[in-house]
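Colleague: Here you go, one structure.
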Amino acid sequence: MRMADLSRATGVSVPMIKYYLREGLLPAGERTSPNQARYGEGHVRRIRLVRALADYGGLSNATIRELLERLGEPGAGLHKRLGLAHQAVMPRHEPGEGERWEEAARRAQELIARHGWEYDPDSPAMVAVTGVLFNLAELGYQGTFDRLDAYAEAAGLTAEADLDTLAAESGLERMVEYVVVGTVLGDALVTALRRVAQSNASARRFGGGTEGGEGGEEAGGGRG
């Protein structure tokens, strides 16, 4: 297909497609003349992937390009590629200092150890876990510490579902793509589902309607 056809197939404008080509987010098409190139279904899929990572994953174009380039490195197994995906999308936090930070790090490592997970204490993910526990302690939210294992169990179930889906994909190319999709869009899905579940649990435990007693079907204004 020509670029105009590619634009119609993806809903992405021709100038944006040209931008993707310049930025290395989209591989070049097959040159048919000095000013024309031909594109295929692989280009359609790549554009949809880039749009999904940007719109729902919240990734910058620079991060998407780095992620796709690193995942395309030859000779890397799926486990390594999954690690590369985590490194690319995980926010970087500087480790803290002092006794309170060390206490948070100890709690984080004990939590992971209780669940039998392998971990690198210096990884961005472990630094993030430690940072969250540190700030929760500083703010005095002891209730979260009492339920850390429940959070870890939920994370473990999600991780197993991710890997089950990855293993069910046929072909290395699809598996590598799902490393990206499962990491970035999977995070977005879990967050969105958590918000829906929180809303449901809140209505069940604390009553319906909005704060201040306004609106809501439970307040007596149901739609018959």
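Residues in the sequence shown are numbered from 627 upward in steps of one, following this note's numbering.
Cβ atoms here follow ideal geometry from the backbone N, Cα and C, with glycine treated the same way.
As the structure is a computational prediction, the values presented were derived from the model and not from experiment.
Could you compute how far the alpha carbon of Leu759 sits from the alpha carbon of Ala688?
Modeller: Whole-angstrom Cα-Cα distance: 30 Å.
Colleague: Does DSSP classify Ser749 as helix, strand or coil?
Modeller: Coil at Ser749, not helix or strand.
Colleague: Near Asp679, which residues of its chain fall below 6 Å by C-beta distance, leaving aside the five closest residues on each side in sequence?
Modeller: Residue 679 is actually Leu in this sequence, not Asp. Excluding positions up to five away in sequence, the list reads Leu685, Ile690, Val810.
Colleague: Since Arg718 contacts Pro750 with CB under 8 Å, what's their CB separation in whole angstroms?
Modeller: The pair is a contact, with the Cβ atoms about 6 Å apart (cut-off 8 Å).
Colleague: Can you find the residues in the same chain that come closer than 6 Å, C-beta to C-beta, to Tyr646, ignoring five residues on each side of it along the sequence?
Modeller: Same-chain partners within the cutoff: Leu652.
Colleague: Can you give the Cα-Cα distance for Lys644 and Val670, rounded to whole angstroms?
Modeller: Cα to Cα, the separation comes out at about 14 Å.
Colleague: Along the alpha helix (DSSP H) that carries Ser828, what are the first and last residues, could you check?
Modeller: Where Ser828 is concerned, the enclosing alpha helix (DSSP H) stretches over 798-832.
Colleague: Give a yes or no on contact between the stretch 710-730 and the stretch 793-813, applying the rule of three or more CB pairs nearer than 8 Å.
Modeller: The stretch 710-730 is in contact with the stretch 793-813.
Colleague: Under a three-way DSSP split, which group does Ser633 fall into?
Modeller: Ser633: helix per DSSP, three-state reduction.
Colleague: Looking at the unbroken beta strand (DSSP E) that takes in Glu729, where does it start and where does it end?
Modeller: Where Glu729 is concerned, there is no enclosing beta strand (DSSP E), although the alpha helix (DSSP H) it sits in stretches over 725-740.
Colleague: Can you tell me which of the three DSSP states Ala794 falls into?
Modeller: In this structure, Ala794 counts as helix in the three-state DSSP scheme.
Colleague: Which same chain residues end up closer than 8 Å to Val816 when comparing Cβ atoms and leaving out the 5 residues on each side of it in sequence?
Modeller: Closer than 8 Å at the Cβ level, and outside the excluded window around Val816, lie Thr784.
Colleague: With a cut-off of 8 Å on the beta carbons, I'd call Tyr804 and Leu792 a contact; round off their distance for me.
Modeller: Their Cβ separation, rounded to whole angstroms, is 5 Å, which keeps Tyr804 and Leu792 in contact under 8 Å.
Colleague: Apart from the five residues just before and just after Ser639, which ones in its own chain have a Cβ nearer than 7 Å to its Cβ?
Modeller: Correct list, in chain order: Ser633.
Colleague: At the level of alpha carbons, what is the spacing between Glu744 and Glu736?
Modeller: The straight-line gap from Cα to Cα measures roughly 12 Å.
Colleague: Distance check for Gly757 and Trp727, CA to CA, integer angstroms please.
Modeller: Approximately 8 Å between the Cα atoms of the pair.
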